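Residue numbers (the UniProt record's numbering): 1 to 523.
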Amino acid sequence: MKRCDVARSMGVSLMVYNEANISDMIRTPNLHLAGRRSDRVDDVPNDPRLKSTDERFAVFSVRSIQSHGLPLCRKPENGIVVFDLLEIPSNYYQLDNGLRLQRTDDGDFIIDNVQYTLDELQAIATKQDAILLKKQKIAEEDERQRKLDAMHAATSFEALPEDVKKLIRSVKIDVESLKDPTRFEAMLNILRFTEKRDFRTFAMRNRHVIKYTAPEDDPSTSRLLHRAQQEAVVDPKAKKYFKSSELTGKGGFGKVFFAEQHQPAFNMVAIKKMKHTNAKEKTANYLELGFLIECQHPNIVKYMSSFLFNDELWIVTEFMSGGTLRDAIKVKKLDESHIAFISREILKALEYLHYKKIIHRDVKSDNIMLTTDGNVKLIDMGLCDSLSIKEHSNSMCGSAMYMSPEVIQNQPYGYPTDIWGFGITIAEMLNGSTPNNSVPKLMGMYRSACYPLETITLDLKKKPSAEMHQFFSSCIHPDQYERPTAQELLNMDFIKKAAPKKVMSDMLVEIFLANALMDTGLF
1 MKRCDVARSM
11 GVSLMVYNEA
21 NISDMIRTPN
31 LHLAGRRSDR
41 VDDVPNDPRL
51 KSTDERFAVF
61 SVRSIQSHGL
71 PLCRKPENGI
81 VVFDLLEIPS
91 NYYQLDNGLR
101 LQRTDDGDFI
111 IDNVQYTLDE
121 LQAIATKQDA
131 ILLKKQKIAE
141 EDERQRKLDA
151 MHAATSFEAL
161 PEDVKKLIRS
171 VKIDVESLKD
181 PTRFEAMLNI
191 LRFTEKRDFR
201 TFAMRNRHVI
211 KYTAPEDDPS
221 TSRLLHRAQQ
231 EAVVDPKAKK
241 YFKSSELTGK
251 GGFGKVFFAE
261 QHQPAFNMVA
271 IKKMKHTNAK
281 EKTANYLELG
291 FLIECQHPNI
301 VKYMSSFLFN
311 DELWIVTEFM
321 SGGTLRDAIK
331 VKKLDESHIA
341 FISREILKAL
351 EYLHYKKIIH
361 RDVKSDNIML
371 TTDGNVKLID
381 MGLCDSLSIK
391 EHSNSMCGSA
401 MYMSPEVIQN
411 QPYGYPTDIW
421 GFGITIAEML
431 NGSTPNNSVP
441 KLMGMYRSAC
451 YPLETITLDL
461 KKKPSAEMHQ
471 FFSSCIHPDQ
481 YERPTAQELL
491 NMDFIKKAAP
501 KKVMSDMLVE
511 IFLANALMDT
521 GLF
């Protein structure tokens with residue numbers, strides 16, 4: 001037996017064992033601990049291990065420790081033994097592979113050598129992955145900070161490397177404008193996002209660094225993670241439930257297929273298949289699944305089921321006959337009544353999300369589905385964040401041409417960033433393409449961050465009505481706190497121009513029939 005640490009306080013011995021030493025301590029199964037679990041750290045002597053936020057402990061005041069009736073170790077009366085543990089679904093506690101702690105009816109604890117269920121194994125693996133991810137993220141942040149401390153701060157445009165200065169000049173950005181500190185910082189953020197080149201001014205380096213919080217430790221997302229882990233079913237037969245699958249989309253997130261589901265009932269469905277191998281992938285996948293399960297609304301794609309199959313997570317949603325808003329824009333120019341209808345339906349989805357304290361963070365035409373029966377639905381919850389506890393989000397994420405000024409400038413942001421993305425989508429419906437679509441991504445993001453009203457308004461090809469202009473302009477206000485809420489936008493006069501659903505349905509049937517014919521190569 002290896003004793004990791006012995007601390008003495010007020011004449012009481014504290015024995016601390018970690019998971020690596022449990023197998024050394026327990027030579028035989030059916031170890032009996034007659035005693036009670038303490039839920040209070042105050043009940044035990046002061047020990048630094050117990051103050052750690054990175055570890056989980058079971059603390060027991062133990063009267064006796066025996067294995068098959070024989071004392072396992074000598075210890076003083078009223079001693080306390082502390083074990084690392086992971087709680088699992090059946091209300092047992094995992095101590096080590098093949099060992100778990102069970103509370104008996106008389107209040108004692110028994111360590112059993114048992115076979116875990118698939119659900120228990122899945123929960124154990126997920127929690128261990130989450131703890132590993134947290135440690136990796138903290139290590140990565142420490143390494144990033146070390147490199148940041150070692151690098152020279154970027155004091156001006158002239159202080160940047162020659163290849164970076166050449167890149168900035170090549171996209172026709174006025175380098176004189178970069179003398180403004182706010183614009184220069186925005187450019188550095190854009191370089192980090194688009195080119196993966198990390199430069200910071202002294203001011204950026206000296207600002208408060210937000211420490212990484214693992215999703216399972218963040219009250220905003222831990223509940224969603226747990227729910228998703230319970231929902232996803234480990235099923236080696238999952239593939240047999242579907243047939244005639246057809247690839248309809250792919251990207252960094254994975255692949256989406258349309259398929260026929262035959263069990264438990266016949267349905268046409270969409271299956272999103274995502275790699276599910278390492279801790280980072282698993283946490284991101286479970287978060288997306290958790291948000292999708294949480295958000296049940298007529299204007300959000302409907303969740304149906306999920307499976308863990310081989311090294312993938314499959315998320316099954318309703319099949320929507322039609323296509324994305326971007327598909328529709330490519331075929332037909334939309335008039336204001338069509339735009340008002342689509343805007344109303346998307347705002348209903350955003351109003352619902354924001355009511356539930358969720359920001360989508362990737363509102364764009366590719367993430368809006370239009371069906372041939374006239375329904376409009378928001379899809380892809382992969383970048384959602386919860387503001388149920390925290391007041392704002394900080395991550396620089398989203399799609400470049402839809403990204404709000406506050407995100408590009410690396411400011412704290414919230415629900416208004418969705419309204420900005422929605423406003424850019426309105427401009428896309430008017431123009432047939434996003435504002436700044438004709439310029440390189442670097443320039444487009446710089447314009448959005450530093451000259452939003454000037455560049456986006458001038459890019460509009462159609463002259464909008466007064467109601468449309470007021471509606472659209474309010475969505476792209478450069479000050480996020482001046483943008484209206486989704487609920488306020490729903491009450492504006494422009495929404496009253498919405499076409500009837502039957503008119504939209506007929507138009508969408510025509511659009512997506514044309515798309516289907518073009519895909520065949522016959523037209």
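Even for Gly, the Cβ is constructed at its ideal location relative to N, Cα and C.
Since this is a predicted model, take the numbers as computed values, not measurements.
Cβ distance (whole Å) where residue i is taken to contact residue j below 8 Å
| i | j | result |
| --- | --- | --- |
| I414 | S393 | Correcting the residue identity first, residue 414 is Gly in this sequence and not Ile. Going by Cβ atoms, the distance from G414 to S393 rounds to 7 Å, so yes, they are a contact pair. |
| K239 | C295 | Contact flag wrong, Cβ pair sits at about 27 Å. |
| V269 | E318 | 7 Å |
| I300 | L225 | About 20 Å; that fails the 8 Å criterion. |
| M396 | F193 | 6 Å |
| P452 | L430 | With 8 Å as the limit, P452 and L430 do not qualify as a contact, their Cβ atoms being about 16 Å apart. |
| A427 | F472 | 7 Å |
| F157 | K165 | 7 Å |
| A279 | L178 | Incorrect: roughly 39 Å between the Cβ atoms, too far for contact. |
| V376 | L308 | 31 Å between Cβ atoms; not a contact. |
| N410 | N189 | 5 Å |
| K275 | E336 | Not quite, the Cβ-Cβ distance comes to about 42 Å (not below 8 Å), so this is no contact. |
| T372 | F512 | 6 Å |
Burial state of residue i (16 or more Cβ within 10 Å)
| i | result |
| --- | --- |
| V407 | buried |
| Q229 | buried |
| R361 | buried |
| K364 | buried |
| Y286 | buried |
| G107 | Bear in mind that the predicted position of G107 carries a pLDDT of just 47, short of 50, making it unreliable; the figure below should be weighed with that in mind. The residue is exposed, with fewer than 16 neighbouring Cβ atoms inside 10 Å. |
| T417 | buried |
| N310 | exposed |
| P405 | buried |
| A159 | exposed |
| F291 | buried |
| R169 | exposed |
| A498 | buried |
| H262 | exposed |
| K348 | buried |
| P435 | buried |
Closer than 7 Å: residue i CB and nearest the ligand FAD heavy atom
| i | result |
| --- | --- |
| M369 | No copy of the ligand FAD appears in this structure; indeed no ligand is present at all. |
Residue span of the alpha helix (DSSP H) that contains residue i, given as start and end
| i | result |
| --- | --- |
| Q261 | Counting along the chain, Q261 falls outside any alpha helix (DSSP H), though it belongs to the beta strand (DSSP E) covering G254 to Q261. |
| L318 | Before going further, note that residue 318 is Glu rather than Leu in the sequence given. Here E318 belongs to no alpha helix (DSSP H); instead the beta strand (DSSP E) covers E312 to E318. |
| T155 | T155 -> no alpha helix (DSSP H), and no H or E assigned at all. |
| G290 | A279 to E294 |
| L490 | A486 to L490 |
| V407 | P405 to I408 |
| K441 | K441 to C450 |
| L383 | Premise fails: L383 is in no alpha helix (DSSP H) and is neither H nor E. |
| K330 | L325 to V331 |
| A238 | It is not in any alpha helix (DSSP H) - A238 carries neither H nor E in the DSSP assignment. |
Opening and closing residue of the beta strand (DSSP E) in which residue i lies
| i | result |
| --- | --- |
| A270 | N267 to K275 |
| V363 | Counting along the chain, V363 falls outside any beta strand (DSSP E), and DSSP gives it neither H nor E. |
| F309 | Y303 to F309 |
| G432 | Counting along the chain, G432 falls outside any beta strand (DSSP E), and DSSP gives it neither H nor E. |
| K357 | From DSSP, K357 is part of no beta strand (DSSP E); its letter is neither H nor E. |
| L334 | It is not in any beta strand (DSSP E) - L334 carries neither H nor E in the DSSP assignment. |
| K377 | V376 to L378 |
(message) Would the stretch 493-506 count as touching the stretch 419-439 if we require 3 or more Cβ pairs under 8 Å?
(response) Segments in contact, no.
(request) Answer yes if the stretch 309-327 comes into contact with the stretch 479-493, meaning at least three C-beta pairs across the two stretches below 8 Å, and no otherwise. (result) These segments do not touch.
(message) When you compare the stretch 337-347 with the stretch 486-500, are there three or more beta-carbon pairs, one atom per stretch, that lie closer than 8 Å?
(response) Contact annotation: the stretch 337-347 touches the stretch 486-500, with at least three C-beta pairs closer than 8 Å.
(request) List in chain order: all unbroken alpha helix (DSSP H) runs of 4+ residues lying wholly within the stretch 160-196. (result) As far as the stretch 160-196 is concerned, its whole alpha helix (DSSP H) runs of at least 4 residues are 162-170 and 181-194.
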